[in-house]
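**Student:** One structure, pasted below without further comment.
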Amino acid sequence: MIQDIYPRIYHNEYFHTQPRDNDLILVFHQNTALVRFQDDKLRYPTLQELKGFPIACHYLFSIDECRYFLAAPATSEYNKATYGQPIGSSPYITLPGYSYEDVRIFRTAMSRPTSFAGITAHHLFRWYESNLFCGRCGHEMTPDHKERMLLCPSCHNMVYPRISPAVIVGVLNGGKILMSKYAGRPYTNYALIAGFTEIGESAEQTVAREVMEEVGLKVKNIRYYKSQPWAFSGSLLMGFFCDLDGSDQITLDTNELAEAGWFDRNEITLTDDHISLTREMILKFKEGSL
8 MIQDIYPRIY
18 HNEYFHTQPR
28 DNDLILVFHQ
38 NTALVRFQDD
48 KLRYPTLQEL
58 KGFPIACHYL
68 FSIDECRYFL
78 AAPATSEYNK
88 ATYGQPIGSS
98 PYITLPGYSY
108 EDVRIFRTAM
118 SRPTSFAGIT
128 AHHLFRWYES
138 NLFCGRCGHE
148 MTPDHKERML
158 LCPSCHNMVY
168 PRISPAVIVG
178 VLNGGKILMS
188 KYAGRPYTNY
198 ALIAGFTEIG
208 ESAEQTVARE
218 VMEEVGLKVK
228 NIRYYKSQPW
238 AFSGSLLMGF
248 FCDLDGSDQI
258 TLDTNELAEA
268 GWFDRNEITL
278 TDDHISLTRE
288 MILKFKEGSL
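Sequential numbering from 8 applies to the sequence shown in our numbering.
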């Protein structure tokens with residue numbers, strides 16, 4: 008999966024530090040990232056390449072000894088004095104040899120550590136961008152020095168990165184698995200039932216509810232498989248397998264799904280993309296290794 012970057016090691020501890028010339032700077036514009044390709048591999052600009060642009064660089068994380076920072080523009084007097092600039096929307100920078108590419112490129116680009124770094128950085132970028140001002144009193148938020156947290160200097164509201172729990176569900180019916188296609192989304196391959204956990208709900212209850220809502224089926228023997236951080240939707244995905252309980256007649260929620268059906272192992276043509284928990288779970292069923 009995309010986070011499996013061994014033997015490289017991801018260090019997400021926060022440090023208040025300044026970048027060096029060879030550190031990598033992530034520049035985002037909405038859902039695009041400033042990148043270039045070298046030997047068919049994705050590359051990000053270094054601080055040295057961005058010298059002269061009016062940006063501040065805020066530490067994100069490291070992979071081994073490679074440090075990643077987020078670029079942000081100058082607008083706030085408080086953060087200008089404290090950090091150089093506030094964290095928020097990155098400035099629109101044009102750089103020879105680089106272009107802005109949709110962040111979905113991280114699903115297919117070569118070099119898994121680079122792709123994982125890019126999409127994880129975009130997750131944090133969206134969080135910073137969505138919390139420029141305090142949701143309680145409206146004052147401008149400031150980044151904390153000791154941990155990855157935003158603090159309101161007026162009412163002392165503290166905001167931490169948002170991670171939304173969600174489930175991926177492999178519903179089994181003897182020698183078949185339920186697969187579906189999303190309605191109205193760019194992703195058109197077969198996938199599994201999925202959905203976000205609601206307030207006051209356990210992950211297992213989410214499994215049963217989502218399956219009932221999307222395809223009208225009851226399930227039993229719900230069992231945990233594994234989890235995956237999925238920065239594309241700001242989620243922590245939890246994979247479950249379960250067994251059909253009763254009728255296999257599908258009642259499709261057409262607002263969520265374009266189609267759904269039962270497939271035996273020989274009908275599955277998907278190959279391993281080494282990216283998603285969904286694909287891994289489908290292939291576990293196909294291989295008969297559950």
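Idealized CB from N, CA, C, for every residue including glycine.
1) Measure the alpha-carbon distance for residue 191 versus residue 168 and round it to whole angstroms.
2) With a threshold of 6 Å on Cβ separation, who are the neighbours of residue 294 within its own chain once the five nearest residues in sequence on each side are excluded?
3) Is it buried or exposed for residue 224, if we count other Cβ within 10 angstroms and need 16 for buried?
4) Could you check the C-alpha separation between residue 243 and residue 45 for me, to the nearest Å?
5) If residue 247 and residue 230 are in contact, beta carbons under 8 Å, what's the gap, nearest whole angstrom?
6) Nearest-angstrom Cα distance between residue 92 and residue 76?
7) Taking the C-alpha atoms as reference points, what is the distance between residue 48 and residue 125?
8) Check residue 125 in the structure and name its three-state DSSP category.
9) In terms of residues, what are the limits of the alpha helix (DSSP H) holding residue 330?
10) Here's the rule I'm using: 16 or more other beta-carbon atoms within 10 Å means buried, otherwise exposed. How should residue 8 be labelled?
11) Quick check on the DSSP output: what are the complete alpha helix (DSSP H) runs of length 4 or more inside the segment 180-259, in order along the chain?
12) Buried or exposed for residue 263, going by 16 or more other Cβ atoms inside 10 Å?
13) Of all the beta strand (DSSP E) runs that stay within the bounds of the segment 21-91, which reach a length of 3 or more residues?
14) Out of 111, 102, 61, 16, state which residue places its alpha-carbon closest to the alpha-carbon of residue 74.
15) Tell me, please, whether the segment 157-171 touches the segment 127-147 by the rule of three or more beta-carbon pairs shorter than 8 Å.
16) Roughly how many angstroms lie between the CA atoms of residue 268 and residue 292, to the nearest whole one?
17) For residue 290, which residues from the same chain have a beta carbon less than 6 Å from its beta carbon, with the 5 sequence-adjacent residues on both sides left out?
18) If you drop the 5 nearest sequence neighbours on each side, which residues of the same chain put their C-beta closer than 6 Å to that of residue 114?
19) Give every residue of the same chain whose Cβ lies closer than 6 Å to the Cβ of residue 200, excluding the five residues on either side of it in the sequence, and list them in chain order.
20) Looking at the C-beta of residue 163, does it have a partner C-beta in chain B at a distance below 7 Å?
21) Check residue 9 in the structure and name its three-state DSSP category.
22) Is the distance from the Cβ of residue 197 to the Cβ of residue 186 below 7 Å?
**Tutor:** According to the structure shown:
1) 28 Å
2) none
3) buried
4) 31 Å
5) 6 Å
6) For residue 92, the pLDDT reaches just 44, beneath the cut-off of 50, and the residue's location in the model is therefore unreliable, leaving the point undetermined.
7) 13 Å
8) helix
9) Lying before the first or after the last residue shown, residue 330 is absent from the chain, which here runs from 8 to 297.
10) buried
11) 210-222
12) buried
13) 31-33, 39-45, 48-50, 62-70, 73-80
14) 16
15) yes
16) 15 Å
17) 279
18) 282
19) 176, 217, 218, 221
20) Looking for chain B here will not work: only one protein chain is present.
21) coil
22) yes
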